[in-house]
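The opening residue of the sequence shown carries number 21 in the working numbering; numbering runs sequentially from there. Here the structure comes first, spelled out in structure tokens, and everything after it is commentary.
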Amino acid sequence: MSGTNERVLSGIQPTMDSFHVGNWFGALTQWVDLQQTHDCFYCVVDLHALTVNHDPTAIKQRTLASVAQLFAIGIDPNKATVFVQSHLAEHSQLAWVLSCMAGFGEASRMTQFKDKSQKEGTDRSTVGLFTYPILQAADILLYQPSRVPVGDDQRQHLELTRDLAQRFNSTYGETFKIPETMTVVGNSRVLDLQDPTAKMSKSSPAGAVFLMDSNDQITKKIKSAVTDSDREVSFDPVAKPGIANLIGLLAAASEEELETIAAQVAGLGYGAFKQQVADALVARIEPIRETTKELLSDPATLQRQIQAGAQKARVVASSTMTAVNQRLGLLPESP
Numbered sequence: 021m022s023g024t025n026e027r028v029l030s031g032i033q034p035t036m037d038s039f040h041v042g043n044w045f046g047a048l049t050q051w052v053d054l055q056q057t058h059d060c061f062y063c064v065v066d067l068h069a070l071t072v073n074h075d076p077t078a079i080k081q082r083t084l085a086s087v088a089q090l091f092a093i094g095i096d097p098n099k100a101t102v103f104v105q106s107h108l109a110e111h112s113q114l115a116w117v118l119s120c121m122a123g124f125g126e127a128s129r130m131t132q133f134k135d136k137s138q139k140e141g142t143d144r145s146t147v148g149l150f151t152y153p154i155l156q157a158a159d160i161l162l163y164q165p166s167r168v169p170v171g172d173d174q175r176q177h178l179e180l181t182r183d184l185a186q187r188f189n190s191t192y193g194e195t196f197k198i199p200e201t202m203t204v205v206g207n208s209r210v211l212d213l214q215d216p217t218a219k220m221s222k223s224s225p226a227g228a229v230f231l232m233d234s235n236d237q238i239t240k241k242i243k244s245a246v247t248d249s250d251r252e253v254s255f256d257p258v259a260k261p262g263i264a265n266l267i268g269l270l271a272a273a274s275e276e277e278l279e280t281i282a283a284q285v286a287g288l289g290y291g292a293f294k295q296q297v298a299d300a301l302v303a304r305i306e307p308i309r310e311t312t313k314e315l316l317s318d319p320a321t322l323q324r325q326i327q328a329g330a331q332k333a334r335v336v337a338s339s340t341m342t343a344v345n346q347r348l349g350l351l352p353e354s355p
């Protein structure tokens, strides 16, 4: 491994059968690049998926599918440590310790909790949803990363993580590395195909292209994407957000600069342009989809790889947790 060897940690939830291209172009392509230069820990955070109603059978399959897709997009388990959150009890143990240090007020100010609780009603919001950022802080601090790639919607949570780490260190002694934000590069704002004013989301199946979509499904979604009443392609995110979003998708799929692609497609008719976007996405997604299917056809091998990742992660997590318990004055199991 070359580069800085700084440790980087990031996680993704297994809440759907497939990641969408917003996940892929917005974050996961950076994960692939980072493993060449950093000591990367990538976690499928299945415990976070329990904050909403879930199907026990589905979450198990979705966790396997998430790991398979990570491998299929180019994450190499020999270069990066890929593991499942619930396989390490240390996550929950450290989350409890941090919960005992976090203030009720600072937890209640987390924007994501306020947004979700307002939509669902406070009475229907779970304690798990409220303490979600505390568990997220534990996920991070266990592995002593130098940097954490975060999008805009997670910056507040990383600030809480940093505050809790500094609070623990000042109270009990230096224990945690204070992680820095790593800016997510690339086309991180992939927008909904049906509502180009909103970020692409799994909650809008018609507006999202998923990595497990068939070629026909991908093409149909792109051709049905909302644009405007104009007829010729031009890049204008304000006046033509739908077209601008499709140009961004084409640039990401083609691995070209946005400005280069925008110049190449300027003046095309919408029909020809959408076909070009669809073809580019199909060419990139089809190998990922087929590799994922191949990996999922041998779940025993996939689970052995997950187990190996957990064993690598546990070396670091258990060391951190031992130090935390010593600082807290908890009685060790053996003298």
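Even glycine gets a Cβ: it sits at the ideal position worked out from N, Cα and C.
Considering only DSSP beta bridges, list what residue i is partnered with.
| i | result |
| --- | --- |
| C60 | V28 |
| P169 | M202 |
| L211 | K219 |
| S40 | Note on identity: in this sequence residue 40 is His, with Ser being the wrong assignment. Bridge partners of H40: F230. |
| E252 | G289 |
Going by DSSP, what residue range makes up the alpha helix (DSSP H) through residue i?
| i | result |
| --- | --- |
| M341 | P319 to L348 |
| V302 | Y290 to L316 |
| F188 | R175 to Y192 |
| V72 | V72 -> no alpha helix (DSSP H), and no H or E assigned at all. |
| T151 | V147 to L161 |
| F103 | From DSSP, F103 is part of no alpha helix (DSSP H) but of the beta strand (DSSP E) over T101 to V104. |
| D53 | T49 to L54 |
| G125 | F124 to S128 |
| T239 | N235 to K243 |
| V117 | E110 to S119 |
Mind reading off the beta-carbon distance from residue i to residue j? Whole number of angstroms is fine, and I expect it under 8 Å.
| i | j | result |
| --- | --- | --- |
| L315 | A158 | With a Cβ gap of about 29 Å, L315 and A158 do not count as contacting. |
| V210 | F45 | 6 Å |
| H68 | M220 | In fact, because the Cβ distance is near 20 Å, the residues do not count as touching under 8 Å. |
| R27 | P216 | Not confirmed; about 37 Å, so no contact. |
| P199 | S30 | Rounded, the Cβ-Cβ distance is 11 Å, inconsistent with contact. |
| T340 | L162 | 5 Å |
| Y290 | R324 | Actually they are not in contact, since the Cβ atoms of Y290 and R324 sit about 48 Å apart, beyond 8 Å. |
| E179 | S338 | Going by Cβ atoms, the distance from E179 to S338 rounds to 27 Å, so no, they are not a contact pair. |
| D212 | S224 | 5 Å |
| L322 | V64 | Wrong, their Cβ atoms sit about 12 Å apart, outside the cutoff. |
| D59 | N98 | In fact, because the Cβ distance is near 13 Å, the residues do not count as touching under 8 Å. |
By alpha-carbon positions, which one of the options ends up nearest to residue i?
| i | options | result |
| --- | --- | --- |
| Q105 | D66, D75, L114 and R324 | D66 |
| E194 | L184, K332 and V41 | L184 |
| A127 | G148, M341 and T340 | G148 |
| A320 | L114, D75 and Q81 | Q81 |
| P34 | F61, T71 and V344 | T71 |
| I238 | R187, T181, R304 and P257 | R304 |
| T280 | G31, A226, Q214 and S254 | S254 |
| A333 | Q284, K197 and V102 | V102 |
| R347 | Y192, L108 and C60 | Y192 |
| L48 | L90, G329, S112 and A78 | L90 |
| T77 | V87, Q331, T201 and D37 | D37 |
| M130 | L84, T181, G94 and H107 | T181 |
| Q214 | H107, T247, L118 and Q331 | T247 |
| Q327 | Q186, T203, G171 and H107 | H107 |
| P307 | E275, I79 and G94 | G94 |
| A115 | S274, Q50, E277 and F188 | F188 |
| Y62 | G349, G329, V117 and S354 | G329 |
| G227 | N265, S249, F196 and T201 | N265 |
| Q113 | P352, G349, P355 and V344 | V344 |
| F196 | G349, I32, A283 and V336 | V336 |
| R167 | M202, N43 and T146 | M202 |
| L84 | A218, V285 and S317 | S317 |
| T146 | L118, Q186 and N73 | N73 |
Can you determine whether any heavy atom of the ligand NAD sits closer than 7 Å to the C-beta of residue i, and answer yes or no?
| i | result |
| --- | --- |
| G291 | Of ligands this structure carries none, so the ligand NAD is not represented either. |
Which residues mark the beginning and the end of the beta strand (DSSP E) in which residue i is found?
| i | result |
| --- | --- |
| Q275 | The sequence given here has Glu at residue 275, not Gln. Here E275 belongs to no beta strand (DSSP E), and DSSP marks it neither H nor E. |
Does residue i come within less than 8 Å of chain D when only Cβ atoms are used?
| i | result |
| --- | --- |
| S112 | The question asks about chain D, but that chain is absent: this structure has only one protein chain. |
Open item on the list: Does the contact criterion of 3 or more C-beta pairs under 8 Å hold for the segment 293-302 versus the segment 266-275?
Closed with: The segment 293-302 vs the segment 266-275: in contact.
TODO: For the segment 233-248 and the segment 48-57, state whether three or more C-beta atom pairs, one from each stretch, are separated by less than 8 Å.
DONE: Segments in contact, no.
Task: the segment 174-181 touching the segment 216-233, judged by at least three CB pairs closer than 8 Å - done: With a cut-off of 8 Å on Cβ pairs, the segment 174-181 is not in contact with the segment 216-233, counting fewer than three such pairs.
TODO: Kindly confirm or deny that the segment 118-126 and the segment 152-167 touch, where touching means at least three C-beta pairs closer than 8 Å.
DONE: Output reads yes: the segment 152-167 touches the segment 118-126.
Task: Contact between the segment 307-323 and the segment 252-266 (3+ Cβ pairs under 8 Å) - done: They do not touch, by the three-pair rule.
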